[in-house]
Amino acid sequence: MKKSLNLILATAVATALAIPAFSADVTMRISLQLPMKSHLGQNLLLFKEQVEAKSNGDIEVQIYDSAQLYKDKEVPAAVGAGSIEAGVASLTRYVGDIPAVDIFYQPFLFDTEEKVRKAVAKGSEIRGPIDEAIKGTGSTVLWWQAYGGAIMLSNGGPIANPEDMKGKKVRVFGKTLGQFVEATGGAPTLISGSEQYLAYQRGTVDVGMTGVSGVKSRKLYEVMDTITVTNHADIEFIVVTNTDWWNGLT
């Protein structure tokens with residue numbers, strides 16, 4: 002995780018340094034569904050610092066965390082339409098326009114860090130076409146943010162085998178993961194990342210699905226007492242910006 006985080010931060014710095022100086026004041030709003038204290042939020046803070054320093058203050062970066070402006074499912078459309086300059090979106094939120102993004106959610110396909118690193122490398126045979134396809138939605142990918150392998154959350158005991166999911170309502174964050182849950186006999190329920198805490202607290206679902214870092218940043222340990230590390234999917238977020246706005250910076 003530390004190596005992945007360092008890679009993300011290095012990428013953000015490189016992106017920021019590539020932005021030219023501007024003569025006019027510019028505001029770049031970024032929507033983030035996670036809390037600022039999450040590693041995705043800290044990544045954006047570094048980006049903000051680098052951009053504002055490089056532009057001598059001519060560019061102001063405003064980060065709206067914890068889904069203040071848009072829920073994660075709303076980010077792709079909002080950024081693509083230019084309703085906001087940029088946002089952080091779960092890669093699977095593009096599955097409607099680009100079904101190939103859910104390759105990362107094929108059960109146990111990307112179950113090692115080596116496989117993930119090769120797949121998400123800039124210009125790779127997997128990431129390259131995805132970045133290009135996202136341009137068709139009106140957005141440009143600035144960089145990817147690793148969130149880690151998927152885990153299961155439960156109360157009273159682990160999810161040790163597929164039978165433990167049978168008949169249970171399971172939080173999912175993508176169609177492919179929903180099919181995975183159905184194959185085990187469970188009932189998938191699509192719940193936004195920012196709505197997880199309440200869903201677990203109220204018993205809307207019996208089993209949770211997220212990344213390890215989300216347990217701490219969202220305080221999910223307060224409502225779920227058991228983590229089962231399955232790494233059955235690789236969770237990726239992407240920082241996207243409205244293409245017309247981005248290309249208009251001169």
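So for the sequence shown, our numbering puts the first residue at 2; every next one is plus one. Every residue, glycine too, gets a C-beta built ideally from N, C-alpha and C.
Taking a contact as a CB-CB distance under 8 Å, the pair L143 and V241 counts as one, their CB atoms being some 7 Å apart. Closest in alpha carbon position to S140, among V89, E126, K119, K123, is V89. For H40, the closest C-alpha among the options D66, D26, N57, E61 is that of D66.
Cβ atoms of V206 and T190 come within 8 Å of each other, at about 5 Å. By alpha-carbon distance to Y148, the top candidate from D26, R30, G42 is G42. In the pairwise beta carbon analysis, the segment 53-70 is classified as not touching the segment 100-118: fewer than three pairs are separated by under 8 Å. Per DSSP, reduced to three states, the secondary structure at E86 is coil, with no helix or strand assignment. With a cutoff of 7 Å on beta-carbon distance, G209 and L250 are scored as not near each other. CA-CA distance, V171 to G150, rounds to 17 Å.
Per DSSP, the beta-bridge partners of T28 are E61. Around the Cβ of G124, a 10 Å sphere holds fewer than 16 other Cβ atoms; the residue is exposed. Distance from the CA atom of V213 to the CA atom of A82, rounded to whole angstroms, is 32 Å. Measuring C-alpha to C-alpha distances from N248 to each of E86, L35, L47 identifies E86 as the nearest. When the Cα atoms are used, I131 and T227 turn out to be separated by approximately 35 Å. Residue K72 holds the alpha-carbon nearest to the alpha-carbon of P36 among N57, K72, T28. In this chain, L221 is not harboured by any beta strand (DSSP E), its DSSP state being neither H nor E. DSSP, reduced to helix, strand and coil, places P159 outside both helices and strands of the structure shown, so it counts as coil. Between L47 and I31, the CB-CB gap reaches or exceeds 7 Å. Burial check for R94: the Cβ neighbour count within 10 Å reaches 16 or more, so the residue is buried. When DSSP reads this structure, D235 sits in a beta bridge with G150.
Between A122 and I160, the alpha-carbon positions lie close to 32 Å from each other. Remark: C-beta atoms of N156 and M225 approach each other more closely than 7 Å. G209 has L154 as its beta-bridge partners, per DSSP.
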